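Just below is one structure, and these are the notes that go with it.
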Amino acid sequence: MTLPDTNANDRPHNRIRKRHAIELSTYSERKSPISRIFKLWIAAYALAICAAIAIATGTPAHSAPSQMPVAQDTPTAQPLLITPDDMQSGGLLFKAKEAGKYIEAPKVATDIKIDVTGPIARAVVTQKFLNPSDAWVEGIYVFPLPDSAAADELRMKIGERMIEGQIKPKEEARQIYETAKQQGKKASLLEQHRPNLFTNAVANIGPRDSITIQIEYQQSIPRKDEEFSLRVPLVVAPRYNPLNKPLKPLKPVIDLKPNQSDNASGWGTTDPVPDREAITAPVLDPKTEGKSNPVTLSIKLKAGFPLDNVVSHYHDVVVKPEGSDTMTLSLKGEAVPADKDFLLTWSGKPSETPNLGLFTQTLTDAPNERQTGDGQSKDARDENEEEESLLENEAEQYLLAYITPPYKLATELKVPPREVIFVIDQSGSMDGPSIRQARESLIEALGQLKPEDTFQIIRFNNDMAQLFPSPQPADKEHIATARYWVAAIEANGGTEMLPAMQAALKDQNPDSPTLRQVIFLTDGAIGNERQLFETVKSGMGRSRIFTVGIGSAPNSFFMSRAAEVGRGTFTQIGNITEVKSKMAELFTQLTTPVATDLSITFANGKDIEASPSALPDLYKGEPVVVAFKGKDLGQELTLTGRFDNQPWSMTVDITKASPSDAIDKLWARGKIRQLENERLLATDPASFDKGIEALGLTHHLVTRLTSLVAVDVTPSRPQNQTLDSKKVPLNLPDGWNMESVFGESAPMMDTGIDAAIAPAPQAGNRTAGLMTLAPAAMKAMKVASAPQSGPAQVALAPTGGNQILLPKTATRSDLLILLGIALLTLAGVLMAWIQWRKIRPELR
21 MTLPDTNAND
31 RPHNRIRKRH
41 AIELSTYSER
51 KSPISRIFKL
61 WIAAYALAIC
71 AAIAIATGTP
81 AHSAPSQMPV
91 AQDTPTAQPL
101 LITPDDMQSG
111 GLLFKAKEAG
121 KYIEAPKVAT
131 DIKIDVTGPI
141 ARAVVTQKFL
151 NPSDAWVEGI
161 YVFPLPDSAA
171 ADELRMKIGE
181 RMIEGQIKPK
191 EEARQIYETA
201 KQQGKKASLL
211 EQHRPNLFTN
221 AVANIGPRDS
231 ITIQIEYQQS
241 IPRKDEEFSL
251 RVPLVVAPRY
261 NPLNKPLKPL
271 KPVIDLKPNQ
281 SDNASGWGTT
291 DPVPDREAIT
301 APVLDPKTEG
311 KSNPVTLSIK
321 LKAGFPLDNV
331 VSHYHDVVVK
341 PEGSDTMTLS
351 LKGEAVPADK
361 DFLLTWSGKP
371 SETPNLGLFT
381 QTLTDAPNER
391 QTGDGQSKDA
401 RDENEEEESL
411 LENEAEQYLL
421 AYITPPYKLA
431 TELKVPPREV
441 IFVIDQSGSM
451 DGPSIRQARE
461 SLIEALGQLK
471 PEDTFQIIRF
481 NNDMAQLFPS
491 PQPADKEHIA
501 TARYWVAAIE
511 ANGGTEMLPA
521 MQAALKDQNP
531 DSPTLRQVIF
541 LTDGAIGNER
551 QLFETVKSGM
561 GRSRIFTVGI
571 GSAPNSFFMS
581 RAAEVGRGTF
591 TQIGNITEVK
601 SKMAELFTQL
611 TTPVATDLSI
621 TFANGKDIEA
631 SPSALPDLYK
641 GEPVVVAFKG
651 KDLGQELTLT
661 GRFDNQPWSM
671 TVDITKASPS
681 DAIDKLWARG
691 KIRQLENERL
701 LATDPASFDK
711 GIEALGLTHH
721 LVTRLTSLVA
731 VDVTPSRPQN
741 QTLDSKKVPL
751 NLPDGWNMES
761 VFGESAPMMD
771 TGIDAAIAPA
781 PQAGNRTAGL
791 MTLAPAAMKA
801 MKVASAPQSG
811 PAQVALAPTG
821 GNQILLPKTA
831 TRSDLLILLG
841 IALLTLAGVL
851 MAWIQWRKIR
861 PELR
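Under the numbering used here, the sequence shown is numbered contiguously, ending at residue 864.
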């Protein structure tokens, strides 16, 4: 009997029997063919993984493109280059021409000694340039000085020899320096880029070697009310430099110049910051890299009157009294990182602070003959020639006068209604303590307004916004609205200050009898200061500009000069605890009548020239500070002026003036400042430039147009050794936020600096401190290590070509690649397994 054919699936218990069945088919019949495309995919995937592993385990990835070595006509000795893992301490690395290799940036330790005698300070700044690499380098250090400083001496120490700097026109000094640099000679060049911003370039620093540079300057001591103050800036804050913009003509212009490039528009461009490269330096991230460039500072204070209250506001100091009017102060703990300004204030015992100070100096030869600046004494003359010269050239007399007017006349006078325009900077550099100080200051200022006043608030970063369409009465409702608006302000973005200044100066009622006051709260971290000064001078009308400097390292040049040009005052707030007292002082000045129409005359004076020639208006507590030069100053001077249209005058006997040897430099510096102000809107700026250059050369001063240069006569760098030019990295000012200033990563900028960032060394192979690489070289400076805050990740401001700012949270790139490879491998295995399951489902 034949059984009918049935399907296997219809048989009962088929699954159980199949489990024990023996497959009799051959292997070739069992094999399911794998897709050819799948095989190719597997092969390509494996090849990509092998290539990635080879890259990750080979040359480490760096954040700058490699460059091909430059061919040399003759063989040259190459410097010993390093990789990031070779670093033994925190530092900035500059890329070398060999791919994957780097040169460590030079470092600077600074010692500052200041002698204060009455209202005059004389400072000696010693900068020790250390080259921690095995290459010959040129170190360029961007550093600040007080904006009123008269820098007049430069010395370079080579072994036991001291080489004196020469004062030269700026371009000539630069040529002397460049020639010496090419010849392998050690050289130093001190240049001014702003009155408070200088660069010191030092050429041919040998491998693991150091060069010591000394700079001297002097300044007058500011006074407000009964208090004198000495501010020593220690770091240049990163500046926001607006981009170039085309100069578009009001009417169409046909440019007939031949041979124009294809990109020429015929309109040209104007750069608001033409020296942007020179004033910008690399910046270290304090959260990851720690702080560098340690500073030691000591002050010998001879007040000239019994001291009562002496305060160091932002640094701990050790004080050694040496009498009722004299003391020595030094930083506690020897050294501090250069990341915030040093501020010292002092006042006398009640009723013992003088309201009058007179200092005199008599010169019997011209300043340029007294100081040759080349380390050589002036040519010898015989007695007859010298006596003949003195008969032909009468002696020059100098006088410095500090006179405090009788402000008590104005204490009870009524203040007219005011229109107050507040401008607050909310750019990225203000993030952190600075924006909190600015908000608190503005809220405090709102509380000082009276109901009859009107006010407006403008905030700015990349953009600008106004609180009201027009100034509103300072009543409770508007003040409440303003406080709520101000409290919500956060800091981010760039510092486009020009539109905000233009809006603040726009006066809707130029003929109004009310006082119009503009209060500008900012850190002044901009590079286009001249553009702002021109705007203030041309558009201020009846407005007066009062600047409030915020933060640990404000741009005092911009703040003080804007207030000077705008006929106002400058107030500095460096700590949140100072807000109430400083804003109260400011509003006392704002509500007190101004001393106007000030002038000084001499009885029987001859050929007298004042510096400044026109005295500014004064606010309560401010003294008249003016220097004079003449053939004969006579025996007395008379100061006249007006308070609230009430005339007054006072006469002073100048025969009792104290002798000094510093007045001529202060007189010249004041004249230079005056000429720079007058040059702002001049139709013939070249004529002012000639006067500025002549004053600098005559009085041996560094100016915008004159520089000090020192050159060693003996070459030190062998001709077969190359020279690398590197900028010294600066600290980020205390309280600043790296990401708010530069963002998570900075764009590449082509400014001609051959620099790049390398990944930081790992925490396990570092030692903290500036002196680690060459302790013997730095020992003479007696500077302690700058504290490190942890493992260093180098971060750099956008200052150089092919240069990248890495995020502070960056991880080593080779580790990231290996992690990516592992994830890709896992993904590939998973995809292959899924594909295999699709090919042989019956094996499951």
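The C-beta atom is built at its ideal place from N, Cα and C for all residues, glycine as well. Just so it is clear, the structure is predicted and the values come from calculations on it, not from any experiment.
Express the C-alpha separation of residue j and residue i in angstroms, rounding to a whole number.
i: residue 638; j: residue 616; result: 7 Å
i: residue 741; j: residue 126; result: 17 Å
i: residue 761; j: residue 618; result: 43 Å
i: residue 291; j: residue 602; result: 36 Å
i: residue 257; j: residue 652; result: 45 Å
i: residue 503; j: residue 466; result: 8 Å
i: residue 839; j: residue 845; result: 10 Å
i: residue 377; j: residue 625; result: 19 Å
i: residue 80; j: residue 226; result: With a pLDDT of 41 at residue 80, under the threshold of 50, the modelled position of this residue cannot be trusted; read the value that follows with caution. Computed Cα separation, rounded: 28 Å.
i: residue 453; j: residue 640; result: 29 Å
i: residue 321; j: residue 736; result: 41 Å
i: residue 352; j: residue 235; result: 24 Å
i: residue 190; j: residue 726; result: 4 Å
i: residue 648; j: residue 759; result: 49 Å
i: residue 83; j: residue 124; result: Annotation note: pLDDT 34 at residue 83 (below 50); position unreliable, no value reported.
i: residue 681; j: residue 160; result: 32 Å
i: residue 852; j: residue 70; result: 17 Å
i: residue 186; j: residue 174; result: 8 Å
Tell me, to the nearest whole angstrom, how far the beta carbon of residue i is from that of residue j; I am working on the premise that it is less than 8 Å.
i: residue 685; j: residue 631; result: Incorrect: roughly 11 Å between the Cβ atoms, too far for contact.
i: residue 359; j: residue 754; result: 5 Å
i: residue 729; j: residue 188; result: 6 Å
i: residue 695; j: residue 711; result: 5 Å
i: residue 614; j: residue 585; result: So it is not a contact: roughly 16 Å between Cβ atoms.
i: residue 654; j: residue 688; result: The Cβ separation is near 22 Å, so there is no contact.
i: residue 593; j: residue 561; result: Not really, about 27 Å apart at Cβ, beyond 8 Å.
i: residue 538; j: residue 566; result: 7 Å
i: residue 500; j: residue 459; result: Wrong, their Cβ atoms sit about 15 Å apart, outside the cutoff.
In three-state DSSP terms, what is residue i?
i: residue 646; result: strand
i: residue 592; result: strand
i: residue 741; result: strand
i: residue 608; result: helix
i: residue 706; result: helix
i: residue 761; result: helix
i: residue 66; result: helix
i: residue 560; result: coil
i: residue 515; result: coil
i: residue 203; result: coil
i: residue 241; result: coil
i: residue 81; result: Model confidence at residue 81 stands at a pLDDT of 37, short of 50, so the residue's coordinates are unreliable and nothing is read from them.
i: residue 303; result: strand
i: residue 879; result: Nothing about residue 879 can be reported from this structure: the residues present for the chain run from 21 to 864 only.
i: residue 746; result: strand
i: residue 826; result: Its pLDDT being 31, under 50, residue 826 is placed unreliably by the model, and the measurement read from it follows with that caveat. Of the three classes helix, strand and coil, the one that applies to residue 826 here is coil, per DSSP.
i: residue 680; result: coil
i: residue 209; result: strand
i: residue 502; result: helix
i: residue 723; result: coil
i: residue 232; result: strand
Let's see if you can read the secondary structure: which residues bound the alpha helix (DSSP H) around residue i?
i: residue 569; result: Note, residue 569: premise wrong, no alpha helix (DSSP H); beta strand (DSSP E) at 563 to 570.
i: residue 580; result: 576 to 585
Starting from residue i and walking both ways along the beta strand (DSSP E), at which residues does that stretch end?
i: residue 690; result: Where residue 690 is concerned, there is no enclosing beta strand (DSSP E), although the alpha helix (DSSP H) it sits in stretches over 683 to 699.
i: residue 173; result: 170 to 178
i: residue 228; result: Here residue 228 belongs to no beta strand (DSSP E), and DSSP marks it neither H nor E.
i: residue 161; result: 156 to 164
i: residue 617; result: 615 to 622
i: residue 150; result: 140 to 150
i: residue 251; result: 247 to 252
Alpha helix (DSSP H) runs wholly inside the region 416 to 499, at least 4 long, in chain order: For the region 416 to 499, whole alpha helix (DSSP H) runs of length 4 or above, ordered along the chain, are 453 to 466.
Scan the region 316 to 392 and note each continuous beta strand (DSSP E) run of 3 residues or more that stays entirely inside, going in chain order. As far as the region 316 to 392 is concerned, its whole beta strand (DSSP E) runs of at least 3 residues are 327 to 332, 337 to 341, 346 to 351, 362 to 368 and 376 to 383.
Sequence ranges, beta strand (DSSP E) only - wholly within the region 529 to 560, length at least 3: Correct list: 535 to 542.
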